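Protein chains in written order, with my numbering: chain X, 147 to 439; chain Y, 830 to 998.
Here is the structure we will look at, set down as structure tokens.
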Amino acid sequence: MKPAPFAYAAPRSVEEVVALLAEHGDQAKLLAGGQSLVPMLNFRLARPEVLIDLNRVPGLDGIRLDGGLLRIGAMTRQSTLERHAEVLARCPLLPAALHFIGHPPIRHRGTVGGSLAHADPAAELPAVLACLGGEVVAQSRRGERVIPAAELFVGLMTTALQPDEVMTEVRMRLPAPGAGWAVLEVARRHGDFALVGVVALLELGGEGAIREARLALFSVGPTPVRARAAEEALAGRRPTAEEFQRAAALVEEALDPDSDLHASAEYRREVGGVLARRALTQALARIPGREAR
Amino acid sequence: MSQRPERMHRVRLRVNGQAREGVVEARKSLADFLREDLDLTGTHLGCEHGVCGACTVWLDGAPVRSCLLLAVQADGAEVMTVEGLAPAGGLHPLQEAFWEHHGLQCGFCTPGILLSAYAFLREHPAPTEGEIREMLAGHLCRCTGYEHIVEAIRAAAEAGAGAVPPGSA
Chain X
147 MKPAPFAYAA
157 PRSVEEVVAL
167 LAEHGDQAKL
177 LAGGQSLVPM
187 LNFRLARPEV
197 LIDLNRVPGL
207 DGIRLDGGLL
217 RIGAMTRQST
227 LERHAEVLAR
237 CPLLPAALHF
247 IGHPPIRHRG
257 TVGGSLAHAD
267 PAAELPAVLA
277 CLGGEVVAQS
287 RRGERVIPAA
297 ELFVGLMTTA
307 LQPDEVMTEV
317 RMRLPAPGAG
327 WAVLEVARRH
337 GDFALVGVVA
347 LLELGGEGAI
357 REARLALFSV
367 GPTPVRARAA
377 EEALAGRRPT
387 AEEFQRAAAL
397 VEEALDPDSD
407 LHASAEYRRE
417 VGGVLARRAL
427 TQALARIPGR
437 EAR
Chain Y
830 MSQRPERMHR
840 VRLRVNGQAR
850 EGVVEARKSL
860 ADFLREDLDL
870 TGTHLGCEHG
880 VCGACTVWLD
890 GAPVRSCLLL
900 AVQADGAEVM
910 TVEGLAPAGG
920 LHPLQEAFWE
930 HHGLQCGFCT
940 PGILLSAYAF
950 LREHPAPTEG
960 EIREMLAGHL
970 CRCTGYEHIV
980 EAIRAAAEAG
990 AGAVPPGSA
């Protein structure tokens, strides 16, 4: 339960970070908030030769609203984002999702970029990124590149980030003003990993029909799952309980989760459908003017 | 700290208001540094992967898991442990409430709960039972069944314990 020996460096600039990554490559691990990596070190599931600590690199944190884009420094603490007044006002689903991550002492250290790079299938932030759409910025000695949300998550705890790259920024698209939203999950206790979770966005058009519905589920596969068939079926329809029920059935049909110690595949599929229906109902109730129905 | 990766590091920090230092292996957790190098054994280590909450301390004014932080990362930081909560020879009002309401049996989980609860009470001076229980979800206690811990924290809130600075009665 103690890490194997490693060498540690605390670089003071992104240039130093990418130089260390270029030198040590896949022998090195980047340390962000450490709330997932350090347990893996303690269990010796990860045994890097070199640990490169990002916590002393200035300029990697910060939150900016830039037109329709929310720009978050990769090292921004989850607790900082959770309490950010403008984010609460413009994108309340993000603080709601963050609230599900562990407990306050975890979120005081845990970072936005770290959670996305770790890409745990039961984690909330990858599903938020998949739902909102957006991109992350990665830097290496080869230069800077932008990875869209849809290309970031490639498999179980695997992202498109290369061993010589460091994530510097996360960009999420802000929902349209007046869009409804919901973040729901089922876990054994608050702060435990989700057995099934869903992030939903619902936007109505002028006639009260659904302009766009987005559903991202997590803990139902190796990566976050966008329920495309349900989203397409909802577009243009009226937001009724029957339509939501139909969408829930499509979600259930589309899911192909694994069984594990915590929940069977059958349970996850069924709960995925139920949570999708509840999330759509809750999202609708959050649209101004729809509260009372 | 240089940017060359090294296995040994000098750490200088403040713990409970006092300047402390040591030389540590990079892999040493802050929890082990506090216990083994600084002889502050009030910080307990349970699971060593961030789940049980026993090792919770304050780092620069906020509660963190000291098993998930390397000692070298705390270089230059201000740390508070349970030893810093109590005044010399006495108890902080939060600790008084735990004593009064039987908020502990074996006491293993207590230091971590006290440090989380203290931060919690500063932000929630009049918490609901639901809020108290959600905060406690981050701490495992295998003795009490939590009922008396909830009561102790509620009583501490009523006594205004969150507003009493560390080290005062």
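Virtual Cβ for every residue (Gly too), placed ideally from N, Cα, C.
Note that this is a predicted model, so its numbers are computed, not measured.
Backbone CA spacing between residue i and residue j [nearest angstrom]
i, j, result
"X/L330", "X/E416", "14 Å"
"X/P185", "Y/V901", "17 Å"
"X/R253", "X/T305", "22 Å"
"X/G259", "X/V316", "7 Å"
"Y/L965", "X/W327", "28 Å"
"Y/E877", "X/R190", "12 Å"
"X/F246", "X/L227", "13 Å"
"X/P267", "X/P403", "11 Å"
"X/G382", "X/E358", "8 Å"
"X/V174", "X/E195", "Reading the sequence as shown, one finds Ala at residue 174 of chain X and not Val. The straight-line gap from Cα to Cα measures roughly 6 Å."
"X/S410", "X/L211", "41 Å"
"X/H249", "Y/A985", "21 Å"
"Y/D868", "Y/G991", "27 Å"
"X/G280", "X/P294", "6 Å"
"Y/T939", "Y/Y975", "11 Å"
"X/A156", "X/G289", "21 Å"
"X/L298", "X/L307", "7 Å"
"X/L176", "X/E270", "21 Å"
"X/C237", "X/L215", "11 Å"
"Y/A906", "Y/S945", "18 Å"
"X/A325", "Y/R843", "47 Å"
"Y/A883", "Y/F937", "7 Å"
Neighbouring residues, chain B, relative to residue i (Cβ below 8 Å)
i, result
"X/P149", "Any reference to chain B falls outside this structure, whose protein chains are X and Y."
Beta-carbon spacing of residue i, residue j below 7 Å
i, j, result
"Y/C896", "Y/A848", "no"
"Y/G941", "Y/H968", "yes"
"X/S182", "X/H264", "yes"
"X/L197", "X/M221", "no"
"X/G419", "X/E398", "yes"
"Y/A981", "Y/A917", "no"
"X/A395", "X/L380", "no"
"X/V282", "X/M313", "yes"
"X/L421", "X/V342", "yes"
"X/L361", "X/A340", "no"
"Y/C881", "Y/G890", "no"
"Y/E835", "Y/G871", "no"
Cβ neighbour criterion (16 or more within 10 Å) applied to residue i
i, result
"Y/V852", "exposed"
"X/E353", "exposed"
"X/D199", "buried"
"X/T369", "buried"
"Y/W887", "buried"
"X/F152", "buried"
"X/A355", "exposed"
"Y/C935", "exposed"
"X/H230", "buried"
"X/R439", "Low confidence applies to X/R439: its pLDDT is 49, below 50, so where it sits in the model is not reliable, and the reading given next is rough at best. The residue in question, X/R439, is exposed, as its Cβ has fewer than 16 Cβ neighbours within 10 Å."
"Y/H931", "exposed"
"X/G179", "buried"
"Y/S858", "buried"
"Y/T957", "exposed"
"Y/L923", "buried"
Under the three-state DSSP convention, the category residue i falls into
i, result
"X/R374", "helix"
"X/F364", "strand"
"X/M221", "coil"
"X/T226", "helix"
"Y/L888", "strand"
"Y/Y975", "coil"
"X/A422", "helix"
"X/L430", "helix"
"X/V163", "helix"
"Y/G991", "helix"
"X/M147", "coil"
"X/L380", "helix"
"X/F246", "coil"
"X/A174", "strand"
"X/L350", "strand"
Near the ligand ADP: residue i beta-carbon under 6 Å from a heavy atom
i, result
"Y/R971", "This structure lacks the ligand ADP; in fact it carries no ligand of any kind."
Residue i - partner residues in DSSP beta bridges
i, result
"X/Y154", "X/L197, Y/E835"
"X/G343", "X/E331, X/F364"
"Y/M909", "Y/W887"
"X/Q285", "X/E290, X/V312"
"X/V397", "According to DSSP, X/V397 bridges with nothing at all."
"Y/M964", "Note: Y/M964 sits in no beta bridge, so no partner."
"Y/V853", "Y/H838"
"Y/S858", "Y/L899"
"Y/R894", "Y/T885"
"X/I209", "X/I218"
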